[in-house]
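Residue numbers (the working numbering): -9 to 62.
Take a look at the structure below.
Set out below in structure tokens:
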């Protein structure tokens, strides 16, 4: 019985809550952001923009379509 309890207690000691085990996962306050060229709203960095973050100018397809009317 003691051996089973020791094994169980070791398993529980090793396991950590998800928030501690993953570190800064979900901490969106430190992500870079920049304004949309058309509407001026702040765009926060996204994983899908990781390769071309420097070329991202518009926050949405609607702003991309309106770029001609703004003169960009």
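Think of the CB as a built atom: it goes at the ideal place given N, C-alpha and C, for glycine as much as any other residue.
Buried or exposed (CB count within 10 angstroms, at least 16 for buried), residue 53: Counting Cβ neighbours within 10 Å, residue 53 comes out buried, since at least 16 surround it.
Selected residue, minimal CA-CA separation from residue 35, among 28, 58 and 44: The shortest C-alpha separation from residue 35 is found at 44.
Sheet register partners of residue 23 (DSSP bridge): Under DSSP, residue 23 forms a beta bridge with 34.
Where residue 38 falls, given that 16 or more other Cβ within 10 Å makes a residue buried: Its Cβ having fewer than 16 others within 10 Å, residue 38 is exposed.
7 angstroms CB neighbourhood of residue 11 in its chain, flanking five on each side removed: Its pLDDT being 49, under 50, residue 11 is placed unreliably by the model, and the measurement read from it follows with that caveat. Excluding sequence neighbours, residue 11 sits near nothing in its chain.
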